Amino acid sequence: IIPTIGREKYVYDVLKDLAVQTHLPRQVIIVEQNRDKKSSTNLGFINNESWPFKIVHHFIHQIGVCNARNLALKEVISDYVYLADDDNKFDNDLINNALKKMLHFNLKVISMSYLQKGEVEKKQQPLQWSTFGAGCSILKSELLESVSFNPALEFGYGEDVDFGMQLRNSGADIIYIPDI
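If you count the sequence shown from 1, position 164 lands on 185 in my numbering, and the numbers rise without skipping.
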């Protein structure tokens, strides 16, 4: 799931990274937002290029990441969902490595390391995570029946924390995996 507002170059780069994954996604859901009712999509490359997965593209005039993610969550068809940001950069084995860890340790939710350029990961071991990152996590889709992004938190901060609390209240544990 990739929510975006006016960042087509970044979205293109994320799609290119997803297209070379050793474990390809079945579908990628993009929610492109532009408040201008007269505007049209800036993501023409979705239809003008060939992708090794189905792309579900919503172009909407209501902005807000909570709304965008909730709209996309309704379209999930796979057993797992990767909540991404529109500017994520990752290696070609991200999905494969994440799923291997999740299956090996029977995890329902992981948050992955999401370092900025020049940052160094200080944590060495997986740990029970007290927070949640909606732009760098993978979760079992079965959890989507009981969680959503709270629209009351739109345009503020805290939607990630709230979503993580909902996951925990549904019985899921969030594990931070620093080496992915």
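For every residue, glycine included, the Cβ atom is placed at its ideal position computed from N, Cα and C. None of these values were measured; they are calculated from a predicted model.
Query: What does DSSP give as the partner residue(s) for CYS157 in the beta ladder?; Result: ALA105
Query: Using DSSP's beta-bridge definition, name the partner residues of GLN54.; Result: ILE81
Query: If TYR31 sits next to ASP107, beta carbons under 8 Å apart, how far is it from one beta carbon to the other, in whole angstroms?; Result: 5 Å
Query: Below 8 Å on the Cβ atoms is my guess for TYR197 versus LEU160; work out the distance and round it to an integer in Å.; Result: Their Cβ separation, rounded to whole angstroms, is 13 Å, which puts TYR197 and LEU160 out of contact at 8 Å.
Query: Can you give the Cα-Cα distance for GLY139 and ASP112, rounded to whole angstroms?; Result: 16 Å
Query: Under a Cβ-count criterion, where at least 16 other Cβ atoms within 10 Å of its own Cβ denotes burial, should GLY156 be classed as buried or exposed?; Result: buried
Query: Shortest alpha-carbon distance to HIS79 belongs to which of THR62, HIS125 and ALA193?; Result: THR62
Query: Indicate the three-state DSSP secondary structure (helix, strand or coil) for PRO46 in the structure shown.; Result: coil
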